[in-house]
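As structure tokens, the structure follows; a few thoughts come after it.
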RNA sequence: GGGCGGUUAGCUCAGUUGGCUAGAGCGCUGCGUUGACAUCGCAGAGGUCACUGGUUCAAGUCCAGUAUCGCCCACCA
């Protein structure tokens, strides 16, 4: 620790907290002093707390989702760091294959270019240039968020080690037979011109048309008959690719006709197709008959496979129709749909048209309607991987927060299908497969501009090192597979590729051994399938152990109207802009306390304002304490904290016990991952108890000089800053740097970021003090209330009598100075008997532990007094009835725990006394 | 078609082993420029905890069902 924090910078600060003057210097101070490194200030024997950061896409800028992630992870890391555990928060970035390529292609389009104009190599260079711009911007933004991650370990999915991890995993899975290549029906994005995986397709309900089309039977000589089979379809343009009509085998309507042939009812087509039976057909939908188009429908493809029917491709890669479409060839699929329907109608084959609500798949990235089509792609057979990924969750090796997400995860895993991992893109990890131009000459098709496609039946050579000769023929004319991998393939390895896996022979695997598996994986629930599921599958496969112990899923941040943020709605909130406006701590606190795990939250300016106000309140409360410390003559060599043990005033004992109480609560909430509730509890404590009560009470002794509250003020401020630091790191550190010189031995670090977090065992609770001070609070509040009711001038001192219950007398007397000041009650007379207080021209209130009397003279209005007391009495009576009914219940006495019964009895007794006092008070008014 | 979540004050939301009078912020009403803070203080109004039934001594909390809004998954063309 070398860099001292320059306190002089705070000289200019006063009044309102100005985050913009504080945040950057504080961050630099932490980073320069090495606080983000994992071993600093930590006990090396302890188990490390590790978080691998979800890598933001190198595309674009940080959005609110990142802000939530960084806030929560930073809070967790800071908490564990303050617990003295070795902590590692490993940051990184994702090359984000399709997303980044899409952005760069859009840039090119604005220049009137396509990636083909540049060629593969130049295009990749162009993307690297772009990444060179966005990378530093993104990390700078994360720094602004206050992320205390270990920047020295920043990883990128295209770095050498992650590349090696991809290679190794691909080779292992291929060798295991879990990766294979083949012609299957996949989801095709006709704009990006690439295959997609199932999860990259988003279904939207849309109103379409359901056309009922008659396929006529033909006689033996092929002549068309009047009857036929009516099917219902949403895609008449795919009729040229029909290979059969299928019905359910048990469907009685069609039994006699099975095996007969029908003719394609489309102009220019004479093709006959069979009527077949398959149990995949739902006899209740539409007409109960289904046209089978294996080339463009998942279900049809499967039915086709079962019946040995070859798919026909009628929709081309770009969404236009192929030559197979006859006179419709070259038309766009939507255009053709309309025309085909029109022709069917004109030719008398269109039986009926109805509107139809159905789900249409769109590409997650480009938004265009996905075309299912048959294509040669690489797949991961996920069955075994999923089985293990299910096991580790079922058996609790991985815990998902919130727990309910576990069933979502398991359900998805149970229904998992082969994962299409090849993409016809240029940006990403090139598939490490080669083909021999000689042996696979028939399968290698060279297209324009040196592009090639690899047909089915080619023999890929997949090895750890780039192959140079064909193992079959010994030739050296090899060509690499042109495709790249799904970006989530490399993301799925993130948990260990960032820690040095696969470590080369002889290379130490320290990081892996020490930090794998990580402690918490924190991310949005929207990428549970994309990412979390894949990380668990691949982590288990490569490492033989699940990649993390806990998955913490946060919800989506929505706008003030509860809408999802989107560019098209133009309602995207920029986190940095909000931070400029309200301060980063305010943004963080709002995001962290705004929701519970897995639930969405709305971000509004009102909430941000509230958090900003809290930061400001803390700043000013601290300013008060610091100001008093500066004026105090007390020694600073040992710090004022040395005298903490002398704190014997009731309010001291009370706030120390309350500090301990909130410490215990917060500790428990932390352990249950209830960060939001913990933050709220701390805010309530600091504002509602420490500042509103203790600081106000402390002023009495500061002025009288009758024993100093400074040790307690200092200690509780110190604890408050420590407790709050994970949520609001900047303002707490800024204050703590000013407080530290006053802490003496209690200053256990040079920076709050490395100070010790308050612990449940730090101090005994003092329940007697808590109870007694609660009575003082009640008395003060009641006096204020009476004064407000009678519109007594706020600044005016009023003679006030307090008649405490006998048991309370000494505590109330001890706190008389506080009551006097906080309630503006002077002279304050504490008397043992009600009879010692005046009875005429008074306003009064009856509390559980005391009665108060204010002789307000002419201000007192008997009618108003009757109303006030009557209302109180009604309330007491109502509660008393409830309490007595409960006690009269034999079951309650018999079955409720003893302490609950006891409490109920005490309450009833207290209420009876209040009732009697109120009644006699009322009687005396007459 | 399955699965999940929400429904608590005018608004936005807390309330996790069932147990004192259900809380907060914002908004609203009244008072207030007391030397930390008007980004503030004090006091107040405001809720049959969506509905129905059940379990229990006791239900906002557990169970069943209903309504309604939302999300996810799914090969009904």
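Residue numbers (the numbering used here): 227 to 1152.
For every residue, glycine included, the Cβ atom is placed at its ideal position computed from N, Cα and C.
As the structure is a prediction and not an experimental result, all values here were calculated from the model.
Asked: Coil, strand or helix - residue 323 by DSSP; Found: helix
Asked: Residue 1133 versus residue 1117 - alpha carbon distance; Found: 18 angstroms
Asked: 6 angstroms CB neighbourhood of residue 425 in its chain, flanking five on each side removed; Found: 755 and 756
Asked: Whole-angstrom distance between residue 834 and residue 815, CA atom to CA atom; Found: 8 angstroms
Asked: Residue from 314, 879 and 669 with nearest C-alpha to residue 409; Found: 669
Asked: Environment of residue 921 [buried if 16+ CB atoms lie within 10 Å]; Found: buried
Asked: Residue 958 in three-state terms, based on DSSP; Found: helix
Asked: N-terminal and C-terminal residue of the alpha helix (DSSP H) that residue 256 is part of; Found: 249-258
Asked: Distance between beta carbons of residue 371 and residue 316, contact taken as under 8 angstroms; Found: Rounded, the Cβ-Cβ distance is 16 angstroms, inconsistent with contact.
Asked: Residue 1200 (DSSP reduced to helix, strand or coil); Found: Coverage of the chain is limited to positions 227 through 1152, which leaves residue 1200 absent and any answer about it impossible.
Asked: Cβ neighbours of residue 445 in the same chain (closer than 7 angstroms, five flanking residues each side left out); Found: 451
Asked: Candidates 422, 458, 969 and 331: closest to residue 603 by CA position; Found: 422
Asked: Member of 707, 783 and 693 whose CA lies at the smallest distance from the CA of residue 672; Found: 707
Asked: Pair within 8 angstroms by beta-carbon distance, residue 1024 and residue 1063; Found: no
Asked: CB contact flag (residue 417, residue 592, <8 angstroms); Found: yes
Asked: For residue 574 and residue 493, the rounded distance between their alpha carbons; Found: 12 angstroms
Asked: Residues bridged to residue 578 [DSSP beta-bridge criterion]; Found: 438
Asked: Residue span of the beta strand (DSSP E) that contains residue 1102, given as start and end; Found: Segment 1088-1114 is the alpha helix (DSSP H) holding residue 1102; no beta strand (DSSP E) there.
Asked: Contact the segment 558-575 vs the segment 387-397: 3+ CB pairs below 8 angstroms; Found: no
Asked: Segments assigned beta strand (DSSP E), at least 3 residues, entirely inside the segment 770-850; Found: 774-780
Asked: Expected contact under 8 angstroms - CB spacing of residue 800 and residue 828 to nearest Å; Found: Contact doesn't hold; Cβ gap of about 16 angstroms is too wide.
Asked: Test item: CB-CB of residue 738 and residue 719 under 8 angstroms; Found: no
Asked: Pairwise C-alpha distance: residue 553 and residue 515; Found: 26 angstroms
Asked: Exposure label - residue 401; buried when at least 16 CB within 10 Å; Found: exposed
Asked: Other residues of its chain near residue 647: CB distance less than 6 angstroms, five sequence neighbours each side excluded; Found: 604, 606, 711, 712 and 715
Asked: Between the CA atoms of residue 302 and residue 629 - distance to the nearest angstrom; Found: 19 angstroms
Asked: Buried/exposed call for residue 1115, threshold 16 Cβ in 10 Å; Found: exposed
Asked: Proximal residues to residue 752 (C-beta, below 7 angstroms), its chain only, five neighbours per side dropped; Found: 782
Asked: CB contact flag (residue 383, residue 717, <8 angstroms); Found: yes
Asked: Cβ separation of residue 498 and residue 473, assumed to be a contact under 8 angstroms, to the nearest whole Å; Found: Actually they do not touch by this definition, with Cβ atoms about 17 angstroms apart.
Asked: Other residues of its chain near residue 837: CB distance less than 6 angstroms, five sequence neighbours each side excluded; Found: 812, 815 and 816
Asked: Residue 1003 to residue 915 span [Cα, whole Å]; Found: 11 angstroms
Asked: Coarse secondary structure for residue 1073, derived from DSSP in three states; Found: coil
Asked: 7 angstroms CB neighbourhood of residue 1169 in its chain, flanking five on each side removed; Found: Since the first and last residues shown for the chain are 227 and 1152, residue 1169 lies out of range.
Asked: Nearest-angstrom Cα separation, counted from residue 709 out to residue 663; Found: 17 angstroms
Asked: Spatial distance of residue 1173 from residue 290 (CA atoms); Found: Outside the shown range of the chain, which is 227 to 1152, sits residue 1173, and nothing can be said about it.
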